[in-house]
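Colleague: I am attaching a structure below and will ask some questions about it afterwards.
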Amino acid sequence: MSVRNAAKRFTSIVAAASLSLALLISTGSAVADAGFRQWVASFRATAVRSGVSGAVYDRAFEGISDADPVVLEKARYQPEFTAPAWDYFDNRVHDQSVAVGKQMARKWKPWLDRIEARYGVDRHILLAIWSMESNYGEILKRDDVMRNVVRSLATLGYADSRRSKFARTQLIAALKILQRGDIDKSHLSGSWAGAMGHTQFIPTSYQAYAVDMDGDGKRDIWNSIPDALATAANLLRKNGWQAGKTWGYEVSLPNGKKFPAGSKSLSQWQALGVTRVNGKPFRNSAEKATLKVPGGRGGPAFLMVKNFSVIKRYNNADKYAVAVGLLADEIAGHGGLVQDWKRPFTKLSFEERQELQQRLSQYGYYDGKFDGKIGEGSRAAIMAFQAKAGLTQDGHPSMEVLKWLRQN
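Using mature numbering (1 follows the signal peptide of the UniProt record, and there is no 0), the letters of the sequence shown map in sequence onto residues -32 to -1, 1 to 376.
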């Protein structure tokens, strides 16, 4: 099972919140807390039968007397907005993520040298995953995001009948992490759904792939960057990463031509008129590749080779794997896309997106962080401003909107 993909599958089921969760919200805190405490007490026997010592279980739940309301809220809420390709990539592959990636490549070069030598995984892919998963660890510093993993998983195991089996399995795995001594209870933090550390591993995936790269006797993906990056590299290697090979090629497609589905050799694609956008030859013409157009024929096109599917073992989504590959290429200095995403507006730089959020905040439309990431809060603020200014209410983070804000 992949790392974030298992958690992603878990969090994606939101159209119908479970009946037990709804009852928990509505019955009042006293009854809910009593029910949660009873669940924790009864689950102890299950954990012990699974190899968790009673003493470890009791220590793990010290001070935890109620379900986490933030976890319940996030389990119930999912945004209805479906991100188009440009929105997804603009929030993840931008000048800031590239610049910080290059800084981290220099800072951690000795360790990246060792990790790359041991696992054969391109360092820039690992840096891109680190960026995608935790913004190079910045997310781990946010108390509004990080939760107690034991409490989170117990909350979900108790309250979400649709996914209780998954949550209970992850809870037992988390307790075994504590039992092994890789991390103590106070530092066993993660996302609301239980993804942990710099590279966001769910507990069972941590058990399968975690590595003690720095040699301190602990597999600490929360505090040790070498351990976190080596753990990601270990997952990719064990799932078939091909050392020294790319993840894919940006290509140019003949106008109006339709292509058959399926995998073909790069030479076969070339015979069909598909060529690299930079004019260079494919590295291995016999290698099999699959055509992908994440934003439709109007945007960039790619021929994906084996390592692309390996990246998807981390998160089974084409957009995720494309973003990792594109970000890795830019961190490595290979340049960005030749054919950019087709947007219905003029794109902003990362700093301009931050300025957009700041100006929206000054006018009272936005109360979130100035992080340059355009999510539901930013889009709602943009639409509110557009309505006030008499503009089309599309919520796009455009240069046109920023200019209006600057002028007013």
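Note that CB positions come from ideal geometry on N, CA and C, so glycine has one too. Remember, it's a predicted structure, so these values are computed and weren't measured experimentally.
Looking only at its chain, what residues have a beta carbon closer than 7 Å to the beta carbon of alanine 349, apart from the 5 residues adjacent to it on each side?
Modeller: Excluding sequence neighbours, alanine 349 sits near Leu328, Tyr333 and Tyr334.
Colleague: Looking only at its own chain, which residues have a Cβ that is under 7 Å from the Cβ of glutamate 106, when we skip the five neighbours before and after it?
Modeller: Contacts found: none.
Colleague: Taking the C-alpha atoms as reference points, what is the distance between valine 39 and asparagine 103?
Modeller: When rounded, the distance between both Cα atoms is 21 Å.
Colleague: Taking the CB atoms as reference points, tell me whether lysine 213 and glutamate 30 lie closer together than 9 Å.
Modeller: Result no, Cβ atoms of lysine 213 and glutamate 30 do not sit closer than 9 Å.
Colleague: Just checking my contact of methionine 272 with glycine 216 at CB under 8 Å: how many whole Å lie between their CB atoms?
Modeller: So it is a contact: roughly 4 Å between Cβ atoms.
Colleague: With distances taken from CA atoms, which of Asp195, Thr172 and Trp190 is nearest glycine 183?
Modeller: The candidate whose alpha carbon is nearest that of glycine 183 is Asp195.
Colleague: Any idea if valine 179 is buried or exposed, counting beta-carbon neighbours within 10 angstroms, 16 or more meaning buried?
Modeller: Classification of valine 179: buried, given that the 10 Å Cβ count is 16 or more.
Colleague: Any chance you could list the alpha helix (DSSP H) runs of at least 4 consecutive residues sitting entirely within the segment 197 to 261, in chain order?
Modeller: DSSP runs (the alpha helix (DSSP H)) wholly in the segment 197 to 261: 234 to 239.
Colleague: In the DSSP output, what is serine 157 paired with across the bridge?
Modeller: Looking at the DSSP assignment, serine 157 forms a beta bridge with Asn116.
Colleague: For leucine -12, collect the residues of the same chain with a Cβ closer than 7 Å to its Cβ; drop the 5 residues on either side in sequence, then sort them by chain order.
Modeller: Unreliable positioning characterises leucine -12 in this predicted model, as indicated by a pLDDT of 43, which lies under 50. A coordinate reading is not provided.
Colleague: Grab me the residues of threonine 167's own chain with a C-beta within less than 8 Å of its C-beta, minus the 5 sequence neighbours each way, in chain order.
Modeller: Excluding residues within five positions, the ones whose Cβ falls inside 8 Å are Val(-30), Ile97, Trp98, Glu101, Ser102, Ile189, Ala196, Leu197, Thr199 and Ala200.
Colleague: For alanine 289 versus isoleucine 279, is the C-beta distance shorter than 9 Å?
Modeller: A contact, by the Cβ cut-off of 9 Å.
Colleague: Keeping to the same chain, check which residues put their C-beta closer than 6 Å to that of serine 235; ignore five residues upstream and five downstream.
Modeller: Hits under 6 Å: Ser253.
Colleague: In angstroms, rounded to a whole number, what distance separates the CA positions of serine 173 and histidine 302?
Modeller: In a straight line, the C-alpha of serine 173 is about 32 Å away from that of histidine 302.
Colleague: Taking the continuous beta strand (DSSP E) assigned at leucine 271, which residues delimit it?
Modeller: 269 to 272 is the span of the beta strand (DSSP E), which, as asked, contains leucine 271.
Colleague: I'd like the list of long-range same chain contacts for arginine 27, defined as Cβ closer than 8 Å, with 5 residues on each side in sequence excluded.
Modeller: Around arginine 27: Leu146 and Lys153.
Colleague: Distance check for alanine 53 and glycine 263, CA to CA, integer angstroms please.
Modeller: C-alpha separation (whole angstroms): 5 Å.
Colleague: Thinking C-alpha only, which one of Gln330, Ala9 and Arg311 is nearest phenylalanine 57?
Modeller: Per the Cα distances, Arg311.
Colleague: So, are the CB atoms of valine 8 and leucine 143 less than 9 Å apart?
Modeller: It is not a contact, given that the beta carbons lie outside the stated cut-off.
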